[in-house]
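Structure, as structure tokens:
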Amino acid sequence: MFDDFMVRAALAGIGVAFAAAPLGCFVVWRRMAYFGDATAHAAILGVALSLAFSMSIFVGTMTVALLMALVVNVLSGRGYAMDTLLGVLAHSALAFGLVAVSFISGVRIDLMAYLFGDILAVSRVDLSVIWGGAALVVALIGWRWSALLTSTLNEDLAYASGINPKREQLVLTIALAITVAVAIKVVGVLLIAAMLIIPAAAARPLSRTPEGMAVAAGLIGMLSAIVGLRAAYVLDTPAGPSIVCVAAITFLATSIIRGFRHER
Numbered sequence: 001m002f003d004d005f006m007v008r009a010a011l012a013g014i015g016v017a018f019a020a021a022p023l024g025c026f027v028v029w030r031r032m033a034y035f036g037d038a039t040a041h042a043a044i045l046g047v048a049l050s051l052a053f054s055m056s057i058f059v060g061t062m063t064v065a066l067l068m069a070l071v072v073n074v075l076s077g078r079g080y081a082m083d084t085l086l087g088v089l090a091h092s093a094l095a096f097g098l099v100a101v102s103f104i105s106g107v108r109i110d111l112m113a114y115l116f117g118d119i120l121a122v123s124r125v126d127l128s129v130i131w132g133g134a135a136l137v138v139a140l141i142g143w144r145w146s147a148l149l150t151s152t153l154n155e156d157l158a159y160a161s162g163i164n165p166k167r168e169q170l171v172l173t174i175a176l177a178i179t180v181a182v183a184i185k186v187v188g189v190l191l192i193a194a195m196l197i198i199p200a201a202a203a204r205p206l207s208r209t210p211e212g213m214a215v216a217a218g219l220i221g222m223l224s225a226i227v228g229l230r231a232a233y234v235l236d237t238p239a240g241p242s243i244v245c246v247a248a249i250t251f252l253a254t255s256i257i258r259g260f261r262h263e264r
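According to the working numbering, the residues represented by the sequence shown are 1 to 264, in order.
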């Protein structure tokens with residue numbers, strides 16, 4: 001079964017959706033969309049460092065994504081507007097990463113594959129990394145689910161309940177770094193944030209509980225991966241962007257459904 005590259009690609013897409021769904025819900029609830037985008041942009045610098053030091057791409061991207069998220073957490077309360085800080089760090093990390101790649105000699109690298117993903121080239125080893133990372137993210141979010149929800153709802157309520165919101169923010173930061181590292185092969189640096197945000201946003205009008213939204217986001221993400229891959233195969237379009245396009249169409253459809261409900 002794994003000799004079929006389309007099957008491997010579908011499994012990879014489902015794995016990324018599985019990881020991104022619960023995390024994406026918190027990104028939407030906390031209005032952290034640009035935070036996720038900045039962390040994803042930093043991953044290209046991780047790719048460059050991985051190639052320069054002959055490390056695993058997964059380890060390099062996860063390390064740099066985690067460092068980026070931690071730097072944002074440290075600097076956010078020191079006089080900088082959050083959107084300005086994220087803009088500076090995101091584009092700086094991307095630019096430094098692209099420049100660093102150009103200095104690496106003796107290594108052939110397809111930048112387009114890292115920017116927009118190369119899901120059709122996923123190997124068995126890649127699948128193991130993707131699903132292992134996805135399982136870790138889901139386990140981490142599931143373990144802290146109640147505390148994360150409480151700190152997302154109200155920080156004062158979290159403190160009163162004996163929950164440290166900064167610790168829960170760190171949990172999300174770690175989960176985000178892992179998700180970026182496993183998703184870079186599938187949808188690439190520039191589209192990772194889309195897979196975090198769009199399925200969760202599409203699931204919101206269909207859900208009545210936080211748990212229901214996380215499940216719906218996962219289903220939408222998985223469906224987007226399968227339908228997007230099929231569309232890419234039939235229409236001969238890029239696989240990663242095709243997956244995101246299907247997710248965007250789903251978001252449009254659920255928004256229309258939400259509009260009809262409000263009219264009633």
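Every residue, glycine too, gets a C-beta built ideally from N, C-alpha and C.
Keep in mind the model is a prediction, meaning the values are calculated, not measured.
Cβ-Cβ distances below 6 Å link residue 42 to 64, 65, 68, 93 in the same chain, with the five nearest sequence neighbours on each side left out; the list follows chain order. Residues 40, 180, 183 of the same chain have their beta carbon placed closer than 6 Å to that of residue 192, with the five preceding and five following residues left out of the count.
The alpha carbon of residue 226 has as its nearest neighbour, out of 101, 213, 241, the alpha carbon of 241. Counting only unbroken stretches of 4 or more residues, the alpha helix (DSSP H) elements lying wholly within the segment 74 to 155 are 82 to 103, 111 to 116, 124 to 143, 145 to 153, in sequence order. In the structure shown, residue 185 falls within a coil segment according to DSSP collapsed to helix, strand and coil. Looking at 21, 121, 46, the one whose alpha-carbon comes closest to that of residue 8 is 121. If you draw a 10 Å sphere on the C-beta of residue 112, you find fewer than 16 other C-beta atoms in it, and that means exposed. DSSP places residue 238 in the coil class of the three-state scheme, outside both helix and strand. Rounded to the nearest whole angstrom, the C-alpha separation of residue 142 and residue 149 is 11 Å.
Under the criterion of beta carbons closer than 8 Å, residue 16 and residue 138 do not qualify as touching, at roughly 12 Å. The beta carbon of residue 206 sits closer than 7 Å to the beta carbons of 216, 254 from its chain, once the five residues preceding and following it are set aside; these are given in chain order. For residue 247, the CB contacts under 8 Å within the same chain, skipping 5 residues up- and downstream, are 194, 195, 198, 199, 202, 220, 221, 224, 228 in chain order. Closest in C-alpha terms to residue 176, from the list 45, 89, 62, 104, comes 62.
When DSSP states are grouped into helix, strand and coil, residue 53 belongs to the coil group. Check the Cα spacing between residue 54 and each of 178, 156, 101: the tightest is with 101.
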